[in-house]
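Take a look at the structure set out below.
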Amino acid sequence: MKAIQKITTTVLFISFLTLCCEAIELHPKLKVNGYSSFEYEYMFDDKGKGDPNGSFDADLFDLVFNIFPTDRLRVAADLTWEHGSASEDGRGNVALEYAFGEYTVKDSVRVRAGKMFSNFGIYNEIHTAKPAFLTVKEPQSTNKNHKFGSGDGIRFYPRWTTGLAVLNDGMHGNNEYDWVLQLTNGEQSVTNPYEEDNNSLKALGGRFRYGFENGIKLGASFYHDSLEDTTTGYDKQLSYGLQLEYNPTALGFELEYVKGTVDNPSGTNPKLDRWAYTAMFFYTFKNKYTPYLRYEYLDPDKTIDNDTANLSIVGVNIKLDSSITWKVELDFFSSDKGNARFSGNDYTEFKSAFAIGF
Amino acid sequence: MSLAKKSTMKIQLFTILSLTLCSLCTLYANELTSTKDGNKPGTKSSNQNLDVSLIANKTKNSEMIALNSSEAKANIDSESFSIVVNSNNKIDSINKKQLRLIFLGRIRHWSESNKKLNVYYLEATSSAGKSFLKSIMRMTPDKFYLYWTKKVFSGSSAPPTEIKSSSKLLQHIADNEGGIAIVQSSSLKNLPEGCKVIKLE
Numbered sequence: 114m115k116a117i118q119k120i121t122t123t124v125l126f127i128s129f130l131t132l133c134c135e136a137i138e139l140h141p142k143l144k145v146n147g148y149s150s151f152e153y154e155y156m157f158d159d160k161g162k163g164d165p166n167g168s169f170d171a172d173l174f175d176l177v178f179n180i181f182p183t184d185r186l187r188v189a190a191d192l193t194w195e196h197g198s199a200s201e202d203g204r205g206n207v208a209l210e211y212a213f214g215e216y217t218v219k220d221s222v223r224v225r226a227g228k229m230f231s232n233f234g235i236y237n238e239i240h241t242a243k244p245a246f247l248t249v250k251e252p253q254s255t256n257k258n259h260k261f262g263s264g265d266g267i268r269f270y271p272r273w274t275t276g277l278a279v280l281n282d283g284m285h286g287n288n289e290y291d292w293v294l295q296l297t298n299g300e301q302s303v304t305n306p307y308e309e310d311n312n313s314l315k316a317l318g319g320r321f322r323y324g325f326e327n328g329i330k331l332g333a334s335f336y337h338d339s340l341e342d343t344t345t346g347y348d349k350q351l352s353y354g355l356q357l358e359y360n361p362t363a364l365g366f367e368l369e370y371v372k373g374t375v376d377n378p379s380g381t382n383p384k385l386d387r388w389a390y391t392a393m394f395f396y397t398f399k400n401k402y403t404p405y406l407r408y409e410y411l412d413p414d415k416t417i418d419n420d421t422a423n424l425s426i427v428g429v430n431i432k433l434d435s436s437i438t439w440k441v442e443l444d445f446f447s448s449d450k451g452n453a454r455f456s457g458n459d460y461t462e463f464k465s466a467f468a469i470g471f
Numbered sequence: 791m792s793l794a795k796k797s798t799m800k801i802q803l804f805t806i807l808s809l810t811l812c813s814l815c816t817l818y819a820n821e822l823t824s825t826k827d828g829n830k831p832g833t834k835s836s837n838q839n840l841d842v843s844l845i846a847n848k849t850k851n852s853e854m855i856a857l858n859s860s861e862a863k864a865n866i867d868s869e870s871f872s873i874v875v876n877s878n879n880k881i882d883s884i885n886k887k888q889l890r891l892i893f894l895g896r897i898r899h900w901s902e903s904n905k906k907l908n909v910y911y912l913e914a915t916s917s918a919g920k921s922f923l924k925s926i927m928r929m930t931p932d933k934f935y936l937y938w939t940k941k942v943f944s945g946s947s948a949p950p951t952e953i954k955s956s957s958k959l960l961q962h963i964a965d966n967e968g969g970i971a972i973v974q975s976s977s978l979k980n981l982p983e984g985c986k987v988i989k990l991e
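In the order they appear, the protein sequences are chains A and B.
Counted from 1, the first sequence has number 215 at position 102 by my numbering; the numbering is strictly sequential.
Counted from 1, the second sequence has number 938 at position 148 by my numbering; the numbering is strictly sequential.
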């Protein structure tokens, strides 16, 4: 415990120096960035999964390091302290969001090894970085389906994964594209998947994105895993997603669709089939105010008729200066009675957050 | 109040708020398009199509780049920007596409020397920064920040370094063989040793 405290103190001290001292911040071989979020949530209704007491949340504080030991090698890490971490009291969470080495073979091709985010859809890689998106939380139906009524508790894809990745980006005329392939341990609950896989078949995931000059961006993702989970009985998992983004001017929208299956040979439903989507519209005016509307939908099991959940959000993101935004929104949760999390108890929640990026 | 009635009320409230927001947005969008150049959102505005031209600078070894519009020419001293590299760098010119790809993080090394690019720019909200972002990157400062916020925090890439002072920025280029920077052209009067200005083709 003392060792962890020493390392944490050292990291924070170096980061403080780095932030205060331009010379270190601007060293060509080290760059430090970070973000933080402070939130408040209040549920208006008596029943529901929101917060009826109205609570403040020291949501997170993250430091992001980019280190360049050589001209071709980049070491990147994101260290997070969530919910006012206090290890002595067992409160909050300290985690390594990612830590990997990346070698640039040539400018368009990079090879990565370590713990990293799964490259799937629009939000997974930025889900903790609150300054990088408009709403208080990332979409739950497509990114947090295990907390949106998927009774099985399995996400469409794991948030983090450990292994190898190949990344490519380039230009096709004036249009841009990029793709990534990840070969990793995947997800399971038997061992620590960031250290040891519980089966010999590795998970394979990938994404392709194509951005047109006019601002339309299309993308497709997939994730295939062999869970072989003795605790849950789940076996093969396959998910794929489609995404559409458009934000060339003040007006913008996003659409994400995810579909997935999980085999459970020993279960009552041998093939779990589920799907979800998220759609969002927003408009920025005076370079400061961005009202947004988002709708989310999840069908956690297509064989069950009354288990769907949906969320409608109306809110505004106000840019207070270049590094801080204030988000205010109303979240309207609605569900069927058979939904494993919400059980048909509809509720409305007020959410607000200050997000800082540096 | 029954559950059904409660749900109906929420749907109604959401619909009303949504419609209000949409109306406000539409009104504001109409106001913008009627007061500007009449382009619809999503199409290129006249500002986005501005050509970049090279205009001879008074300083010895440099050329200034300015927006080829009457408004830009009128404010040429405050809005023009130049591209500076380390004097050991063998390149003398760069084209707009290459420059854009460098600042998007897609070109990461100098092809001639194989050295890693270290990218600097004068703060995006400065007049030179805005001019560069508009004419080369086709972005506002906010969009540029958001682009890099997503890239950095997703672990995709390290960001270019924004510096507020031109003199400090030039000193970084002088000290760093792989450096490239966007600076305000007026700051080239005090170009330190170890820096040179390259042309934009």
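Just so you know, even glycine gets a beta-carbon here, dropped at the ideal spot from N, CA and C.
Rounded to the nearest angstrom, the gap between the Cα atoms of Thr274(A) and Met229(A) is 6 Å. Contact with chain B is absent for Ile437(A), since none of that chain's Cβ atoms lies less than 9 Å from the residue's Cβ. The DSSP-derived three-state label of Gly919(B) is helix.
Assignment of Ser200(A) by DSSP, reduced to helix, strand and coil, places it in the helix class. Between Val177(A) and Val874(B), the C-beta gap is not smaller than 9 Å, which leaves the two residues out of contact. Leu411(A) places its beta carbon less than 9 Å from that of Thr255(A). In the DSSP assignment, Arg454(A) falls outside any beta strand (DSSP E), carrying neither H nor E.
For a Cβ distance threshold of 9 Å, residue set Lys940, Phe943, Ser944, Gly945, Ser946 of chain B lies close to Glu238(A), ordered along the chain. Taken through DSSP and simplified to helix, strand or coil, Tyr396(A) comes out as strand.
With fewer than 16 other CB atoms across the displayed protein chains lying within 10 angstroms of its CB, Trp439(A) is exposed. Sixteen is the threshold: since fewer than 16 other Cβ atoms of the shown chains lie within 10 Å of the Cβ of Ser883(B), the residue is exposed. Around the CB of Ser447(A), 16 or more other CB atoms lie within 10 Å, so the residue is classed as buried. In the three-state DSSP reduction, Asn980(B) falls in the helix class (H, G or I). Listed along the chain, the chain B residues whose CB falls inside 9 Å of the CB of Asn400(A) are Thr930, Pro931, Asp932.
Taking a C-beta cut-off of 7 Å against chain B, the contacting residues of the stretch 227-253 of chain A are Met229, Phe230, Glu238, Ile239, Ala242, Pro244, Ala245, listed in chain order. Contact of Pro949(B) with chain A is assigned, a C-beta pair being separated by under 9 Å. At least one beta carbon of chain A lies nearer than 9 Å to the beta carbon of Leu891(B).
Assignment of Trp388(A) by DSSP, reduced to helix, strand and coil, places it in the strand class. Interface flag for Arg185(A) against chain B is set, since a Cβ pair is found closer than 9 Å. Going by C-alpha positions, Ser925(B) is about 11 Å away from Leu889(B). Annotation: Val249(A) is outside any alpha helix (DSSP H) and is labelled neither H nor E by DSSP.
Ranking Leu280(A), Arg187(A), Asn237(A) by CA distance to the CA of Arg223(A) puts Leu280(A) first. Of all C-beta pairs linking the stretch 257-272 of chain A to the stretch 367-375 of chain A, three or more are shorter than 8 Å, placing the two stretches in contact. The count of Cβ pairs closer than 8 Å, one atom from the stretch 248-262 of chain A and one from the stretch 937-955 of chain B, stays below three, leaving the stretches out of contact. Nearest in C-alpha terms to Asn327(A), of all of Arg204(A), Glu358(A), Val293(A), is Glu358(A).
The beta carbon of Gly283(A) falls within 9 Å of a beta carbon belonging to chain B, placing the residue at that interface.
Judged by their CB atoms, Asn298(A) and Gly276(A) are nearer to each other than the 9 Å cut-off. With a 10 Å radius around the Cβ and a threshold of 16 neighbouring Cβ atoms, Ser200(A) comes out exposed.
The shortest CA-to-CA distance from Met284(A) to any of Ile892(B), Ser977(B), Asn878(B) is the one to Ile892(B). DSSP lists no beta-bridge partner residue for Pro306(A). Taking a Cβ-Cβ cut-off of 8 Å, Asp310(A) has no neighbours in chain B, whose nearest Cβ is about 22 Å from it.
Beta-bridge partners assigned by DSSP to Thr345(A): none are found. Distance between Arg898(B) and Ala242(A), taken at the CA atoms: about 24 Å.
Within chain A, the residues placing a beta-carbon under 7 Å from that of Tyr935(B) are Ser435, ordered along the chain. Think of a sphere of 8 Å around the beta carbon of Lys144(A): the chain B residues whose beta carbon falls inside it are Ala948, Pro949, Thr951, in chain order.
Listed in chain order, the non-local C-beta contacts of Ala171(A) below 7 Å within the same chain comprise Phe151, His196, Gly197, local neighbours out to five positions each way being set aside.
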